[in-house]
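Quick note, the sequences are listed as chains A and B, same order. Its first residue numbered 1, the first sequence is counted upward by one per residue in the numbering used here. Its first residue numbered 386, the second sequence is counted upward by one per residue in the numbering used here. All residues carry an ideal CB built from backbone N, CA and C; glycine is no exception. Values in this document were obtained by computation on a predicted structure and should not be read as measured data. To start, the structure under review is shown below, and the notes come after it.
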Amino acid sequence: MWNRKKSNFLLITEIFFSFLVLFGVMSLVIYNYLNYTKPLGYDYENVWHISLRPNSDSTAQNRLVQEQLLQRIRGFQQVEAASYSNSNVPFAFSQMGMSLSYGNAKDVQTNAFDAQDDLKDVLRLQVREGRWFGPQDDASTHKPVVINGMLKQKLFGEEDALGKLIPVDDSTHYKVVGVMDYYRAYSEYDADAPAYFSRINLQENNNHLWGSLLLRVKPGTGVAFEEKMMKELSGIAKDWTMEVATLETMRQSKVRLTLVPMIALGLVCGFLIFNVALGLFGVLWYNINKRTSEIGLRRAMGATAGQIYKQFLGEILVVTTFGLLLGCFFAGQFPLLGVFELSPEVYVTAILIAVALIYILVISCALYPSRQAAAIHPATALHEE
Amino acid sequence: MITLKNIEKVYQTKSIETVALQNVNLTVPQGEFLSIMGPSGCGKSTLLNIMGLLDVPSSGTVEIGGKLITSYKDKELAHLRNEKIGFVFQSYHLIQDLSVLDNVELPLLYRPHVSAADRRKRAQVALEKVGLSSRTGHYPSQLSGGQRQRVAIARALIGMPEIILADEPTGNLDSVMGEEIMQILLDLNRQEFTTIVMVTHDEQMAQKTERLVRFFDGQQVSDAKLYDFQKA
Ligand SMILES: Nc1ncnc2c1ncn2[C@@H]1O[C@H](COP(=O)(O)OP(=O)(O)O)[C@@H](O)[C@H]1O
Ligand SMILES: [Mg+2]
């Protein structure tokens, strides 16, 4: 079989490229899937998001309205907890980042979030070590922060993070007061990335107005309350623009954003594989027809139909294995060189799945032609005019 | 020994029914060199295929080496072909992708318990018998017609079969190369007592064998004893 170079070369190339395509798609799917299985670090159910934008420049007035809005919202019996936040709330499209350094850990890109003490109850955040923000932070010299596990790992490694001071600029330090396991805010399909919360203190005299408000409502609270609440809030903040949405609907639009391209890619990939399968089937069929006299001869020499079947299946499996070895060599460079910063686990699983899929594909394409080859009648195959 | 009794072979294709063989009764004793002649399409190849267990008669019985072939199970037939029968064809039927040596080894590939080294050794011996031991690494396309047919004969005899069935083995060769092939077959028959059944269109070739059977239109029309090599 080694001398059928041209046809084998074509098959090997075809298998090689199909493998690479499958490997790529599988890497993406597995990457997203593994991210999806990781905890988000918060509970988004029954949490509503109100975006707020004042339309006047009167800072003093706006700050007052900001206070009043929060008081009013907390006053509703349906609301369990509420907290201001920057606009980078869970499943939002806006993101905020900081570059943090500590000791040898330089420029760690970190998602930065702001939270009031109540956000812990709104999102049901779990603090693993230390504590969440509280009134005791009002008097602290350094700005308190709660960091996630990934940021702790990146900045401090195995060291204890609590009480550490992270330099922000010449005069400011963040002081780590708590560590939480996860906080993956933007999408269920996002990787676990470094993140921290810093504390919002409305009493502090700065002119910042917060763009978002998160509130947890009692289970079963619906549209009727939403309308009532928004009406009252409009009464307080007369010229403000306010929009409300549940985190659940925001989550769904994020899911679509990830899944739609994935499904499209899957369809393209499926179409490609279908074509490869057709081509493979055609080539095998052609080979067998070209080799009828060889089949007849082998049968005359004492090969059983079963041996012919195994021979044809075996040959294509050897060719497939060559294509796959070549493919694995290339795909193996991804984890080795750490391309795209995906974990090796993703690549290795993708390689294994792609190998299995290609074998399944090839075997299912080869079964029927091989069976036909075995069924060829020896006298007919050797017939010569 | 091959014994055919009341063999009939009918090919059924769509609307047409071709009677390829009819009422054939033929016994080929062990060690005989039999030639078969007859016009094209008279059923000679069909007869050889039935003797070689490559095809099944529509009716009648086949005995090979005194054993009646009753069950036509694929595995048993394949085993019998491998053990007892060697084939030589007009168009050689060598596998182009395999070297001469690999082509010759082929029958042993389908015989259990033959080691690779043993196959190699026996292929070399077989190629020596046909005078081609210097061409073992060549490929069929690098050989002349006569050389190719000698490879095919080496392949037929490597498994030490009782019977060699040769369908127009010299049909594609010029007379000099044909002579060489004929000589190899004659030697094989005389030295190893291999039963040979040879289909030929060449009257001179046929006359060199022990017995000549003529066919016409699927039926045996004459049967003549020419020599007895064993006695001679
Ligand atoms: N597989 C087949 N299907 C249908 N008809 C066949 C088949 N093989 C041979 N025949 C027919 O049987 C007859 C005998 O063929 P064959 O044995 O090849 O003749 P010969 O070898 O004497 O030239 C011919 O008429 C041929 O057309
Ligand atoms: Mg013929």
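Reduced DSSP secondary structure (H/G/I, E/B, other) of residue i
i: N488/B; result: helix
i: W2/A; result: For W2/A, the predicted structure reports a pLDDT of 49, less than 50, and the residue's modelled location is therefore unreliable. The matter cannot be settled from this model.
i: F474/B; result: coil
i: M386/B; result: coil
i: N207/A; result: coil
i: D118/A; result: coil
i: S607/B; result: strand
i: L20/A; result: helix
i: R199/A; result: strand
i: M590/B; result: helix
i: L558/B; result: coil
i: M301/A; result: coil
i: K452/B; result: strand
i: I147/A; result: strand
i: E547/B; result: coil
i: S443/B; result: coil
i: I376/A; result: coil
i: F601/B; result: strand
i: R507/B; result: helix
i: D613/B; result: coil
i: D552/B; result: strand
i: V389/A; result: Since the first residue of chain A shown is 1 and the last is 385, residue 389/A is not available in this structure.
i: I480/B; result: coil
i: T412/B; result: strand
i: L165/A; result: strand
i: E14/A; result: helix
i: A185/A; result: coil
i: S425/B; result: coil
i: L571/B; result: helix
i: S212/A; result: strand
i: H498/B; result: coil
i: M26/A; result: helix
i: R535/B; result: helix
i: P525/B; result: helix
i: L391/A; result: Here chain A covers residues 1 to 385 and nothing more, so residue 391/A does not appear.
i: E565/B; result: helix
i: E158/A; result: coil
Cβ-heavy atom distance, residue i to ligand 2, below 7 Å
i: D552/B; result: yes
i: S443/B; result: no
i: S430/B; result: yes
Residues that residue i bridges to, as DSSP identifies them
i: M229/A; result: DSSP output for M229/A lists no bridge partner at all.
i: E402/B; result: Q397/B
i: G178/A; result: G130/A, V146/A
i: N289/A; result: DSSP output for N289/A lists no bridge partner at all.
i: R596/B; result: L419/B, K610/B
i: I581/B; result: F418/B, I549/B
i: I392/B; result: V409/B
i: A112/A; result: Y196/A
i: H173/A; result: P167/A
Cβ-heavy atom distance, residue i to ligand 1, below 7 Å
i: Y396/B; result: yes
i: H478/B; result: no
i: C427/B; result: yes
i: G423/B; result: yes
i: H383/A; result: yes
i: T446/B; result: no
i: A405/B; result: yes
Any C-beta of chain D under 8 Å from that of residue i
i: Y457/B; result: The chain inventory of the structure shown lacks chain D, comprising the protein chains A and B.
Presumed contact (8 Å Cβ cut-off) between residue i and residue j, rounded CB distance
i: L411/B; j: L438/B; result: That belief does not hold up - the Cβ atoms of L411/B and L438/B are roughly 15 Å apart, past 8 Å.
i: R199/A; j: A115/A; result: 7 Å
i: T585/B; j: M422/B; result: 6 Å
i: G471/B; j: P554/B; result: G471/B to P554/B, Cβ: 11 Å. No contact.
i: V122/A; j: R251/A; result: Between R251/A and V122/A the Cβ distance is about 15 Å, and since that is not below 8 Å, they are no contact.
i: S87/A; j: S94/A; result: 5 Å
i: V355/A; j: L317/A; result: With a Cβ gap of about 12 Å, V355/A and L317/A do not count as contacting.
i: L34/A; j: R184/A; result: So it is not a contact: roughly 12 Å between Cβ atoms.
i: P194/A; j: T110/A; result: 4 Å
i: R128/A; j: M180/A; result: 6 Å
Residue ranges of each beta strand (DSSP E) within the segment 42-108 of chain A, 3 or longer: 47-53, 79-85, 97-102
With a floor of 4 residues, list each alpha helix (DSSP H) that falls wholly inside the segment 215-264 of chain A, ordered by position along the chain. 223-236
Any chance you could list the alpha helix (DSSP H) runs of at least 4 consecutive residues sitting entirely within the segment 317-382 of chain A, in chain order? 344-375, 378-382
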